[in-house]
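Heads up, the final residue of the sequence shown is numbered 558 in our numbering, and it's a clean run with no missing numbers.
A quick write-up on the structure given underneath.
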Amino acid sequence: APVKKPDKAEPAEPRTISGIPLETVYGPQHLADRGWTYAEKLGDPGQYPYTRGPHQTMYRGKPWTMRMFAGFGTPEDTNQRFKFLLANGQTGLSTAFDMPTLMGYDPDHARSLGEVGREGVSVATLDDMMRLFGDIPLDKVSTSMTINAPAAVLLALYVAVAEKQGVAPDKLRGTLQNDMLKEFIAQKEWISPIRGHMRIIRDMLVWCTRTMPQWNTISISGYHIREAGSTAAQEVAFTLANAIAYVVAARDAGLDPNTFGERLSFFFNCHNNFIEEVAKFRAARRLWARLMRDRFGVTSPRAQQLRFHAQTAGSTLTARQPDNNIVRVAIQALAAVLGGTQSLHCNGRDEALSLPTEESARIALRTQQIIAAESGVANTVDPVAGAYTFECETDRIEAEALTIIERIDRLGGMLAAIEAGVVQREIQDSAYRAQQAIESGDAVIVGVNRYQDEAPPIEVFQLNPEVEARQRERLRAVRAGRSEQTWRQAIADVEAAAADGRNLVPPILAAVEAHATVGEIADAMRRVFGEYEGAAEI
Numbered sequence: 021a022p023v024k025k026p027d028k029a030e031p032a033e034p035r036t037i038s039g040i041p042l043e044t045v046y047g048p049q050h051l052a053d054r055g056w057t058y059a060e061k062l063g064d065p066g067q068y069p070y071t072r073g074p075h076q077t078m079y080r081g082k083p084w085t086m087r088m089f090a091g092f093g094t095p096e097d098t099n100q101r102f103k104f105l106l107a108n109g110q111t112g113l114s115t116a117f118d119m120p121t122l123m124g125y126d127p128d129h130a131r132s133l134g135e136v137g138r139e140g141v142s143v144a145t146l147d148d149m150m151r152l153f154g155d156i157p158l159d160k161v162s163t164s165m166t167i168n169a170p171a172a173v174l175l176a177l178y179v180a181v182a183e184k185q186g187v188a189p190d191k192l193r194g195t196l197q198n199d200m201l202k203e204f205i206a207q208k209e210w211i212s213p214i215r216g217h218m219r220i221i222r223d224m225l226v227w228c229t230r231t232m233p234q235w236n237t238i239s240i241s242g243y244h245i246r247e248a249g250s251t252a253a254q255e256v257a258f259t260l261a262n263a264i265a266y267v268v269a270a271r272d273a274g275l276d277p278n279t280f281g282e283r284l285s286f287f288f289n290c291h292n293n294f295i296e297e298v299a300k301f302r303a304a305r306r307l308w309a310r311l312m313r314d315r316f317g318v319t320s321p322r323a324q325q326l327r328f329h330a331q332t333a334g335s336t337l338t339a340r341q342p343d344n345n346i347v348r349v350a351i352q353a354l355a356a357v358l359g360g361t362q363s364l365h366c367n368g369r370d371e372a373l374s375l376p377t378e379e380s381a382r383i384a385l386r387t388q389q390i391i392a393a394e395s396g397v398a399n400t401v402d403p404v405a406g407a408y409t410f411e412c413e414t415d416r417i418e419a420e421a422l423t424i425i426e427r428i429d430r431l432g433g434m435l436a437a438i439e440a441g442v443v444q445r446e447i448q449d450s451a452y453r454a455q456q457a458i459e460s461g462d463a464v465i466v467g468v469n470r471y472q473d474e475a476p477p478i479e480v481f482q483l484n485p486e487v488e489a490r491q492r493e494r495l496r497a498v499r500a501g502r503s504e505q506t507w508r509q510a511i512a513d514v515e516a517a518a519a520d521g522r523n524l525v526p527p528i529l530a531a532v533e534a535h536a537t538v539g540e541i542a543d544a545m546r547r548v549f550g551e552y553e554g555a556a557e558i
């Protein structure tokens, strides 16, 4: 028998964000259902719980730092890109290192073959670092370095270059990523087992707190967690759980969270879903303030504040119809600004194909400048405050993230959860669900699984094929010209400090000044802490 049609069409399913149902419309009753009060949930900008931003005037007082990520080839190549971006209005440097540097290998190591300078700048020696920052006054710029496993070595190189410029460590401003927990979770660029790296991070927190008061020693990163496939709530939860582990390590080393907590910074991804991303940043800020106050007894307002850098989501960029990526990046950047970021990087349109060309980097920088100068969103603080949808999403992400953090606590903390593989599995499951949605068409990717007409090709970046040979020759010249006795003693001191528990930063600084290489110093620590292989521990 024929099926009788209903008298009227069934209502459409509510739209979803990361699989979470959204109401068709939000109103005051949705906030009331959550026991929502303005003072508890929002407060004023610059006031606890900092939902509306860490500063009272936000961008009315000072625009966010436009910190475009750059690095490729030789140090001179990247130095020229730095100067190009500064000349075009960039306000802070952000350094990308190549894979050998990230893994603590020199350009002449067998594992470096074919990778030198390919996806970041090659830095192995003090000479390289001096070339990288040549003619850039380090007391006038704020520098971010995306480096983790050998972060202590790159910090020492930066300090040594500054001292040659006559700039003392206490005058340096910037951020070191130095977040090894997210490496074991997501990015997989490590040297030693997890607890050896935690020892090095502890030493850096202690040394930098006492010696570099304007420097952010660690940037706890959710960016790579999200790139690996996490949801927005997981990104917040796992990032803050990592931060809790670092605070515990520093506190156990005798540091006051009210002091070193002022120099913690965060690094978040800004993905495609505009409403969810704005809410995510606001939820993270509010939750961190409560964790620092209630869990660690922090009373310093600055130590309660979550300050963060945001980068648009590389994983959302498509090789097909790459000009569409300009639009994606603009939407993501706007979400970061409305979420209250302190600095921002916009990806180039061509980064699914290659490193960005100068033209793509200029468009990405202009995207930030248009948002700052033309959109009007920077003219008032937290313009989304009180909007029912945004506030409900902020509440939802905060509650989900807190539930995840409490589950990690029950497992014994983040180190135990990572070593058991729990966090990695949860991210893998989320990534699998997201990919299924793309392949089924439930999640639309314009130009990939919908609207698939062919776009004309664009010019892509070409790396100079002589980079690797040039860096190997420079490395050979540095080794030939240094004092063998001074170098050997410096490496021995690094190894001894790793073994006997002394703070590692001073001997590493002495080693780079003796022209020891990144790989040689990393090897000294490998001999003490071991070399992490991946499968056995996780």
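The beta-carbon is built from N, C-alpha and C at its ideal position, and this holds for glycine as well.
Exercise for the section: Can you give me the Cβ contacts of Gly317 inside the same chain, cut-off strictly under 8 Å, excluding the 5 residues immediately before and after it? Expected result: The residues are Pro277.
Exercise for the section: May I have a chain-ordered list of the beta strand (DSSP E) segments no shorter than 3 residues that lie completely inside the region 320–378? Expected result: 328–332, 363–365
Problem - Coarse secondary structure for Leu62, derived from DSSP in three states - result: coil
Practice task
Please classify Arg35: is it buried, with 16 or more other beta-carbons within 10 angstroms of its beta-carbon, or exposed?
Solution key: Interpretation of Arg35 is limited by its pLDDT of 49, a score under 50 that renders its predicted location unreliable; no figure is taken from the coordinates.
Exercise for the section: Look up Val443 in the DSSP assignment and give the residues it is bridged to. Expected result: Looking at the DSSP assignment, Val443 forms no beta bridge with any residue, so it has no partner.
Practice task
Count the other C-beta atoms from every protein chain shown that fall within 10 angstroms of the C-beta of Ala21, then say buried if there are 16 or more, exposed otherwise.
Solution key: Residue placement at Ala21 is poorly supported in this model, since its pLDDT is 47, which falls under 50; the coordinates still yield a value, given next. Ala21 comes out exposed.
Handout entry: DSSP-derived helix/strand/coil call for Ala542
Key = helix
Practice task
For Met545, collect the residues of the same chain with a Cβ closer than 6 Å to its Cβ; drop the 5 residues on either side in sequence, then sort them by chain order.
Solution key: Ala518
Problem - Residue environment, Val525, which counts as buried when at least 16 other CB atoms sit within 10 Å - result: Flag for Val525 reads buried.
Practice task
Assuming Ala457 and Ala463 form a contact by the criterion Cβ under 8 Å, report the distance between their Cβ atoms to the nearest whole angstrom.
Solution key: 4 Å
Practice task
Check the DSSP bridge columns for Ile499 and list the partner residues they point to.
Solution key: Per the sequence shown, residue 499 should be read as Arg rather than Ile. Paired residues: none, contrary to the question.
Problem - Whole-angstrom distance between Gly406 and Glu255, CA atom to CA atom - result: 24 Å
Exercise for the section: Starting from Gly4, follow its DSSP beta bridges and name the residues at the other end. Expected result: For the chain, the structure presents residues 21 to 558; residue 4 sits outside this window and is missing.
Exercise for the section: Spatial neighbours of Phe204 within its chain, please: CB distance less than 6 Å, with the 5 preceding and 5 following residues excluded, ordered by chain position. Expected result: Ile214, Ile438
Handout entry: For Ser285, three-class secondary structure by DSSP
Key = Here DSSP, grouped into helix, strand and coil, assigns Ser285 to strand.
Exercise for the section: With Ala116 as the anchor, note down where its beta strand (DSSP E) starts and where it stops. Expected result: 112–116
Handout entry: For Leu174, three-class secondary structure by DSSP
Key = helix
Problem - Beta-carbon proximity of Leu375 to Phe117, cut-off 8 Å - result: no
Exercise for the section: Identify the continuous alpha helix (DSSP H) that holds Thr121 and give its terminal residues. Expected result: 119–123
Exercise for the section: Can you tell me which of Ile238, Pro69, Val143, Trp56 puts its alpha carbon nearest to the alpha carbon of Ser320? Expected result: Pro69
Handout entry: Beta-carbon proximity of Ala510 to Pro170, cut-off 8 Å
Key = no
Exercise for the section: Note down the Cα distance separating Leu260 from Ile390, rounded to an integer number of angstroms. Expected result: 32 Å
Exercise for the section: Given a cut-off of 8 Å, decide if Phe328 and Phe280 are closer than it, judged by their beta-carbon atoms. Expected result: no
Exercise for the section: Spatial neighbours of Gly109 within its chain, please: CB distance less than 8 Å, with the 5 preceding and 5 following residues excluded, ordered by chain position. Expected result: Met86, Leu385, Gln389
Problem - Own chain residues within Cβ distance below 8 Å of Asn236, not counting five before or after - result: Gly194, Thr195, Leu196, Arg283, Leu284, Ser285
Problem - Host alpha helix (DSSP H) of Met232 (start-end) - result: Note, Met232: premise wrong, no alpha helix (DSSP H); not H, not E.
Practice task
Rounded to whole angstroms, what's the CA-CA distance from Gly360 to Glu297? Just pull it up for me.
Solution key: 11 Å
Handout entry: Proximity winner among Ala356, Leu225, Arg490, relative to Val267 (alpha-carbon distances)
Key = Among Ala356, Leu225, Arg490, the Cα nearest to that of Val267 is on Leu225.
Handout entry: Helix, strand or coil at Leu196 according to DSSP, with G and I counted as helix
Key = Of the three classes helix, strand and coil, the one that applies to Leu196 here is strand, per DSSP.
Problem - Inter-residue spacing [alpha-carbon to alpha-carbon] between Gly154 and Ala188 - result: Whole-angstrom Cα-Cα distance: 17 Å.
Exercise for the section: Confirm, please, whether the CB-CB distance from Pro83 to Ala330 is below 8 Å. Expected result: no
Practice task
Tell me, to the nearest whole angstrom, how far the beta carbon of His535 is from that of Arg502; I am working on the premise that it is less than 8 Å.
Solution key: 4 Å
Handout entry: CB of Pro127 within 8 Å of CB of Arg382, strictly
Key = No, the Cβ-Cβ distance between Pro127 and Arg382 is not below 8 Å.
Practice task
Determine the closest residue to Asn293 out of Leu275, Ala257, Thr332, with distance taken between C-alpha atoms.
Solution key: With respect to the C-alpha of Asn293, the residue from Leu275, Ala257, Thr332 having the closest C-alpha is Thr332.
Problem - Per DSSP, the bridge partner or partners of Cys290 - result: Thr332
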